[in-house]
Amino acid sequence: MAEFNQNHIGIDVISGREDHICRKANAPGKSACGSGPADGAAISCDTESVAGAVSQRACVFCGARVVINPIADALHLIHGPIGCSAYTWDIRGSLSSGPELHRLSFSTDLQERDVIFGGEKKLEAALLELIAEHEPRGAFVYSTCIVGVIGDDLKAVCARVEKETGIPVIPVQSEGFRGNKNAGYKAACEAIFKLIGTDRDATTVPLSINILGDFNLAGEVWIIRDYLKRMGIRVVANISGDSRVADIARAHTASLNAVQCSGSMTHLAKMMQAGYGIPFIRVSWLGADDMSRSLKQIASFFADPVISARTEKLIAQELVAVAPQLELYRRRLSGKKAAVYVGGAFKAVSLIKSFRAIGMTVVVVGSQTGKRDDYEEIRREADPGTVIIDDANPLELAQLMETLGIDIFVGGVKERPVAYKLGVAFCDHNHERKQPLEGFTGMLNFAREVYGSIASPVWQWMPRRKISSETGAGNG
Amino acid sequence: MAKSSVSTTNACKLCRPLGACLAFRGIEGSMVLLHGSQGCSTYMRRYISGHFREPVDIASSALSETQAVYGGAENLKQGIRNVVAKYAPAVLGVATTCLAETIGDDVGMAIAELLEEDPEMRAIEIIPVSTPSYSGGYMDGFRDSCVAILEKMASAEQSRADQGSGRIGRLNLFPGFLSPADIRYLKLVMAGFGLESMIVPDISETLDAGIGPVFSRIPAGGASVKDIRLAGSATASIELGLLNPAGQSAALLLERSLGVPARRLPIPMGIRYSDLLFEAICSVTGTPLPEKYQQERGRLVDAMVDAHKYLFGKRAVVYGEPDFVAALTCFLADVGVQPVVCASGGDGPEFRKTLEVLTRDLDETPEILVETDFSDIRFHSRAAAADLLIGSSKGNHIARDLDIPLVRLGYPIHDRIGGQRILHVGYAGALNLLDILTNTLIAKEQEHLGYGYSYM
Numbered sequence: 001m002a003e004f005n006q007n008h009i010g011i012d013v014i015s016g017r018e019d020h021i022c023r024k025a026n027a028p029g030k031s032a033c034g035s036g037p038a039d040g041a042a043i044s045c046d047t048e049s050v051a052g053a054v055s056q057r058a059c060v061f062c063g064a065r066v067v068i069n070p071i072a073d074a075l076h077l078i079h080g081p082i083g084c085s086a087y088t089w090d091i092r093g094s095l096s097s098g099p100e101l102h103r104l105s106f107s108t109d110l111q112e113r114d115v116i117f118g119g120e121k122k123l124e125a126a127l128l129e130l131i132a133e134h135e136p137r138g139a140f141v142y143s144t145c146i147v148g149v150i151g152d153d154l155k156a157v158c159a160r161v162e163k164e165t166g167i168p169v170i171p172v173q174s175e176g177f178r179g180n181k182n183a184g185y186k187a188a189c190e191a192i193f194k195l196i197g198t199d200r201d202a203t204t205v206p207l208s209i210n211i212l213g214d215f216n217l218a219g220e221v222w223i224i225r226d227y228l229k230r231m232g233i234r235v236v237a238n239i240s241g242d243s244r245v246a247d248i249a250r251a252h253t254a255s256l257n258a259v260q261c262s263g264s265m266t267h268l269a270k271m272m273q274a275g276y277g278i279p280f281i282r283v284s285w286l287g288a289d290d291m292s293r294s295l296k297q298i299a300s301f302f303a304d305p306v307i308s309a310r311t312e313k314l315i316a317q318e319l320v321a322v323a324p325q326l327e328l329y330r331r332r333l334s335g336k337k338a339a340v341y342v343g344g345a346f347k348a349v350s351l352i353k354s355f356r357a358i359g360m361t362v363v364v365v366g367s368q369t370g371k372r373d374d375y376e377e378i379r380r381e382a383d384p385g386t387v388i389i390d391d392a393n394p395l396e397l398a399q400l401m402e403t404l405g406i407d408i409f410v411g412g413v414k415e416r417p418v419a420y421k422l423g424v425a426f427c428d429h430n431h432e433r434k435q436p437l438e439g440f441t442g443m444l445n446f447a448r449e450v451y452g453s454i455a456s457p458v459w460q461w462m463p464r465r466k467i468s469s470e471t472g473a474g475n476g
Numbered sequence: 001m002a003k004s005s006v007s008t009t010n011a012c013k014l015c016r017p018l019g020a021c022l023a024f025r026g027i028e029g030s031m032v033l034l035h036g037s038q039g040c041s042t043y044m045r046r047y048i049s050g051h052f053r054e055p056v057d058i059a060s061s062a063l064s065e066t067q068a069v070y071g072g073a074e075n076l077k078q079g080i081r082n083v084v085a086k087y088a089p090a091v092l093g094v095a096t097t098c099l100a101e102t103i104g105d106d107v108g109m110a111i112a113e114l115l116e117e118d119p120e121m122r123a124i125e126i127i128p129v130s131t132p133s134y135s136g137g138y139m140d141g142f143r144d145s146c147v148a149i150l151e152k153m154a155s156a157e158q159s160r161a162d163q164g165s166g167r168i169g170r171l172n173l174f175p176g177f178l179s180p181a182d183i184r185y186l187k188l189v190m191a192g193f194g195l196e197s198m199i200v201p202d203i204s205e206t207l208d209a210g211i212g213p214v215f216s217r218i219p220a221g222g223a224s225v226k227d228i229r230l231a232g233s234a235t236a237s238i239e240l241g242l243l244n245p246a247g248q249s250a251a252l253l254l255e256r257s258l259g260v261p262a263r264r265l266p267i268p269m270g271i272r273y274s275d276l277l278f279e280a281i282c283s284v285t286g287t288p289l290p291e292k293y294q295q296e297r298g299r300l301v302d303a304m305v306d307a308h309k310y311l312f313g314k315r316a317v318v319y320g321e322p323d324f325v326a327a328l329t330c331f332l333a334d335v336g337v338q339p340v341v342c343a344s345g346g347d348g349p350e351f352r353k354t355l356e357v358l359t360r361d362l363d364e365t366p367e368i369l370v371e372t373d374f375s376d377i378r379f380h381s382r383a384a385a386a387d388l389l390i391g392s393s394k395g396n397h398i399a400r401d402l403d404i405p406l407v408r409l410g411y412p413i414h415d416r417i418g419g420q421r422i423l424h425v426g427y428a429g430a431l432n433l434l435d436i437l438t439n440t441l442i443a444k445e446q447e448h449l450g451y452g453y454s455y456m
């Protein structure tokens with residue numbers, strides 16, 4: 001019998017999802033899932049979503065698209081019906097310091113006749129005309145659900161076009177139904193890996209790293225690159241925020257891979273380790289603590305006293321610059337409760353620490369695509385009593401907000417209206433953000449945004465609402 | 001002119017199941033389940049929620065590789081059971097996606113099996129709609145859903161009040177996809193004529209909800225099941241938007257099957273098309289135009305005169321769904337703005353014909369783009385030396401490139417708030433559009449003139 005069950009957590013879940021929610025026990029090593037064993041690692045995760053559950057997840061294609069799309073001088077062609085392209089046009093907010101080809105949305109716009117007779121010819125013609133028009137440095141061709149069913153041979157088309165145009169043309173095996181978003185991340189890594197090492201003339205760059213798993217939302221990569229520059233470390237490639245095909249082609253010349261978004265990029269780091277002997281470390285640029293720790297980790301990898309000294313100095317300078325204002329926010333926000341529901345688990349872990357740094361407690365933490373190791377890490381970092389949830393849906397999130405008295409919810413655009421409708425403040429930590437949240441300045445932006453939503457006077461007019469016990473249409 | 005390329009760059013259309021999600025949202029107590037892979041429902045939730053700023057719960061049958069090979073009926077049934085268990089909808093729309101259509105799942109049969117297995121499910125109106133994403137656009141899915149809803153639920157049944165009273169009092173209104181503010185306006189118009197109306201879909205509350213005492217899993221509002229069942233007893237049906245095929249007309253369906261006379265009208269944007277709507281209601285009810293709307297019309301005409309100098313000869317690009325583009329083009333032509341590009345991701349012979357008629361007497365014949373994309377719209381906007389763009393927020397890249405303003409109307413508007421509250425229709429809507437349009441042009445001129453100005 002479980003130590004805690006869903007009734008203990010106090011929310012009603014869809015049958016089949018009981019084991020995707022647990023609560024970290026107050027006693028060490030004793031947390032439990034809904035009806036599962038009293039073992040903290042036992043949360044169910046990385047499975048298909050339950051039919052009818054209104055999961056917040058997207059699909060394999062989405063996973064691949066968001067990871068590769070920021071490569072700014074590549075052509076990103078979606079082979080499928082129009083929806084997959086329309087819904088992901090300029091979706092990520094990844095900034096580029098140069099070309100902006102990634103902000104256009106290219107599709108073969110498959111029609112019924114293509115579904116019947118096959119779409120290969122259309123794909124080939126589309127690739128040739130788009131490459132001629134835009135002169136990209138490379139092309140990625142994403143497959144979608146029906147391409148997987150009708151059996152177009154993407155590899156063969158890509159190989160022919162690559163030969164004809166002389167640029168790398170890489171198929172991405174991202175049929176929407178072939179697993180969950182994690183399968184899309186894997187497909188993206190495999191596609192990107194095909195580019196790595198293709199610059200055969202590139203020579204090893206001393207004191208250099210690749211930044212993996214940063215997508216340059218609101219220019220965040222630029223903040224990190226600036227820190228690294230001040231430390232005396234060169235960056236060969238940012239994958240994939242503000243990246244270029246040529247950078248990725250010589251990414252094998254770096255000494256180290258620093259992986260932030262572990263869910264999407266660990267697979268690539270592992271392939272690079274196996275293929276090119278490049279070691280990797282896991283980093284996070286979110287929050288002052290993780291930011292400092294990550295820079296120190298990189299410095300210690302190079303075991304160079306000059307770099308270490310510069311790093312210490314940089315961290316000290318940056319911390320001093322943000323400390324007074326952070327302290328102000330900490331005093332005002334102390335004791336407030338947060339819920340975190342994000343795509344990747346690394347972000348969840350960093351957010352627990354970031355909230356702690358401004359005196360707040362995370363009482364719910366969850367992710368769309370976390371794996372067993374990720375949840376173990378979340379559980380270690382979370383305070384006792386924290387509810388941990390995998391692949392949540394709006395009804396579960398709404399119930400958690402209601403029963404746990406959440407002051408602010410951190411998530412993406414799909415969670416925002418649910419929070420607002422319940423009278424709960426919100427922080428957008430996803431593609432739409434316009435303020436960088438990484439780095440030391442990002443920590444300050446984060447605190448400011450959290451404060452700005454919680455402290456807004458509008459909440460005095462907006463009651464904390466209860467969820468109607470009636471199902472069906474209600475009165476609000 | 002059709003699109004110049006094989007591929008599509010920055011689509012000016014949205015896929016078919018999205019329309020089903022929007023249409024079912026206007027039925028009281030309804031939910032939608034998309035039969036396909038998980039991503040479709042998530043993308044559409046985001047796409048709808050980003051405009052309306054409302055929670056949008058759309059379920060998915062979450063098909064995976066196994067179902068893609070062996071069929072998804074079991075997932076579909078399980079999905080329906082789970083939605084019913086957690087949301088208890090009165091109506092459940094089941095729309096297909098390209099995956100379900102391509103693997104050839106028989107949705108009707110799966111639902112029939114479900115009703116056999118779980119007879120209590122018969123209490124719910126489960127309505128399947130075929131919406132393959134590789135065919136047509138979202139307005140096809142929208143109209144098809146309205147037809148499916150009426151086909152399933154409308155009857156010749158009469159309300160007790162209507163029976164034997166002989167009074168003219170009930171009207172069916174099929175507004176198409178307008179803003180919640182538009183629907184609220186149309187409801188007031190109906191009430192102003194003393195009419196009981198059934199509006200399908202009615203998104204006036206469900207996609208622009210106020211704050212009530214509690215949070216409901218399914219938002220309040222929408223056309224009630226009871227009212228939809230009475231559709232056959234109405235005096236007439238009025239349908240807004242007439243460029244979709246006749247088979248997608250709920251009004252014509254009711255005329256055919258239950259003998260309710262149908263009037264199909266363009267979207268009542270601008271003075272001319274608003275006149276058509278009010279004339280139709282007057283003629284159906286046999287009543288004159290209420291004083292209130294005479295005054296509203298008068299105010300519009302007065303404003304048109306006030307604004308005419310700022311508008312005359314200005315060169316506009318209009319894009320969107322065919323009916324929306326046609327109505328806006330008519331409005332622009334009536335206030336002296338020169339439409340130079342009229343573009344739609346959709347097509348249809350009626351669309352081109354209508355636009356040709358509307359722009360026949362203008363100084364300049366606009367470029368009519370069908371099955372187009374934003375790449376072509378941009379090319380032609382530049383070539384035509386356009387002064388402004390009018391349409392969804394998806395023209396924002398072009399506006400930035402050409403340094404011309406974009407007047408955001410219709411759907412979607414993802415980079416501003418308040419899209420759900422834009423009033424487009426009727427005399428009041430025309431007045432609103434006129435003010436927005438005029439002030440946008442004045443602001444642009446003021447910004448660009450070195451000295452600015454304080455009076456105009």
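Chains A and B supply the protein sequences, listed in that same order. Under the numbering used here, the first sequence has 10 at position 10, and the numbering climbs by one with no breaks. Under the numbering used here, the second sequence has 303 at position 303, and the numbering climbs by one with no breaks. Using N, Cα and C, we set each Cβ at its ideal position, and we do this for glycine too.
Inset, instruction - Taking all protein chains shown into account, decide if N210 of chain A is buried (16 or more other Cβ within 10 angstroms of its Cβ) or exposed. - result: buried
Inset, instruction - Could you list which residues in chain C have their beta carbon closer than 8 Å to that of W89 of chain A, in chain order? - result: In the structure shown, chain C cannot be found, because the protein chains are A and B.
Inset, instruction - Report whether the distance from the Cβ of D373 of chain A to the nearest heavy atom of the ligand GTP is below 7 Å. - result: No copy of the ligand GTP occurs in the structure displayed, which carries no ligand at all.
Inset, instruction - Could you tell me which uninterrupted beta strand (DSSP E) segments, each at least 3 residues in length, are contained entirely in the stretch 32-105 of chain A, listed from first to last along the chain? - result: 74-79
Inset, instruction - Under 8 Å by Cβ, that's how I've got S105 of chain A and A11 of chain B pegged, so tell me the actual separation to the nearest angstrom. - result: 7 Å
Legend entry - Inter-residue Cα distance where the pair is C158 of chain A and E381 of chain A: Rounded to the nearest angstrom, the gap between the Cα atoms of C158 of chain A and E381 of chain A is 45 Å.
Inset, instruction - State the start and end residues of the unbroken alpha helix (DSSP H) segment that holds Q338 of chain B. - result: Under the DSSP assignment, Q338 of chain B falls outside any alpha helix (DSSP H), being part of the beta strand (DSSP E) whose first and last residues are Q338 to A343.
Inset, instruction - Name the one or two DSSP bridge partners that V387 of chain A has. - result: A:R23 and A:V364
Inset, instruction - Take Y70 of chain B and list the residues in its own chain whose beta-carbon comes closer than 8 Å to its own, dropping the five residues that flank it on each side. - result: none
Inset, instruction - Give the interface partners of T477 of chain A over in chain B, defined as CB-CB distance under 9 Å, in chain order. - result: Any answer about residue 477 of chain A is impossible in this case: the structure gives chain A only from 1 up to 476.
Inset, instruction - Kindly indicate which three-state DSSP category K30 of chain A falls into: helix, strand or coil? - result: Confidence at K30 of chain A is low in this model, with a pLDDT of 47, below 50, so the placement of that residue should be treated as unreliable; the coordinate-derived value is given next. In the structure shown, K30 of chain A sits in coil (DSSP, three-state: anything other than H, G, I, E or B).
Inset, instruction - Determine the DSSP secondary structure at R464 of chain A, reduced to helix, strand or coil. - result: In the structure shown, R464 of chain A sits in coil (DSSP, three-state: anything other than H, G, I, E or B).
Legend entry - Counted within 10 angstroms of its Cβ, other Cβ atoms place M198 of chain B as buried (16 or more) or exposed: That one is buried.
Inset, instruction - Measure the alpha-carbon distance for C342 of chain B versus L406 of chain B and round it to whole angstroms. - result: 15 Å
Legend entry - Residue interval of the beta strand (DSSP E) (run including I281 of chain A): F280 to R282
Inset, instruction - Drop a sphere of 10 angstroms on the beta-carbon of L441 of chain B, count the other beta-carbons inside from all chains shown, and report buried for 16 or more, exposed for fewer. - result: buried
Inset, instruction - Spatial neighbours of G179 of chain A within its chain, please: CB distance less than 7 Å, with the 5 preceding and 5 following residues excluded, ordered by chain position. - result: V60.
Inset, instruction - Indicate whether I281 of chain B and F193 of chain B have their beta-carbon atoms separated by less than 8 Å. - result: yes
Legend entry - Near-chain A residues of the stretch 73-104 of chain B - C-beta to any C-beta below 9 Å: E74, N75, L76, K77, Q78, G79, I80, R81, N82, V83, V84, A85, K86, Y87, A88, P89, A90, T97, C98, L99, E101, T102 and I103
Legend entry - 7 Å Cβ cut-off: residues of chain A touching D57 of chain B: V54 and P394
Legend entry - Where S85 of chain A meets chain B, residues with beta-carbon distance less than 8 Å: T8 and A11
Inset, instruction - Look at the Cβ atom of L444 of chain A, then the Cβ atom of V322 of chain A, and state whether they are nearer than 8 Å. - result: Cβ atoms of L444 of chain A and V322 of chain A: closer than 8 Å.
Legend entry - Three-state secondary structure (DSSP) of V458 of chain A: helix
Legend entry - Within chain A, partners of E65 of chain B - CB distance below 9 Å: Per Cβ cutoff of 9 Å: G148, E175, F177, R178 and G179.
Legend entry - Close Cβ partners of D12 of chain A (< 6 Å) along its chain, the five nearest in sequence each way excluded: none
Inset, instruction - Can you tell me which of the three DSSP states V200 of chain B falls into? - result: coil
Inset, instruction - Indicate whether T359 of chain B and A326 of chain B have their beta-carbon atoms separated by less than 8 Å. - result: Not closer than 8 Å, so no.
Inset, instruction - Anything in chain B within Cβ reach of P417 of chain A, meaning under 9 Å, just list it in chain order. - result: S49, F52, R53, E54, P55 and V56
Legend entry - Where D373 of chain B falls: helix, strand or coil (DSSP): strand
Inset, instruction - Could you check which residue in A:R379, A:G166 and A:R230 has the C-alpha nearest to that of L207 of chain A? - result: A:R230
Inset, instruction - Output yes if chain A places a C-beta closer than 8 Å to the C-beta of R217 of chain B; else output no. - result: yes
Inset, instruction - Please report how far the alpha carbon of Y227 of chain A lies from the alpha carbon of V235 of chain A, in whole angstroms. - result: 11 Å
Legend entry - One or two residues paired with C427 of chain A in a DSSP bridge: A:V410
Inset, instruction - Could you tell me whether any Cβ in chain B is nearer than 8 Å to the Cβ of P443 of chain A? - result: Reading off the sequence, residue 443 of chain A comes out as Met, not Pro. So no, M443 of chain A is outside the interface.
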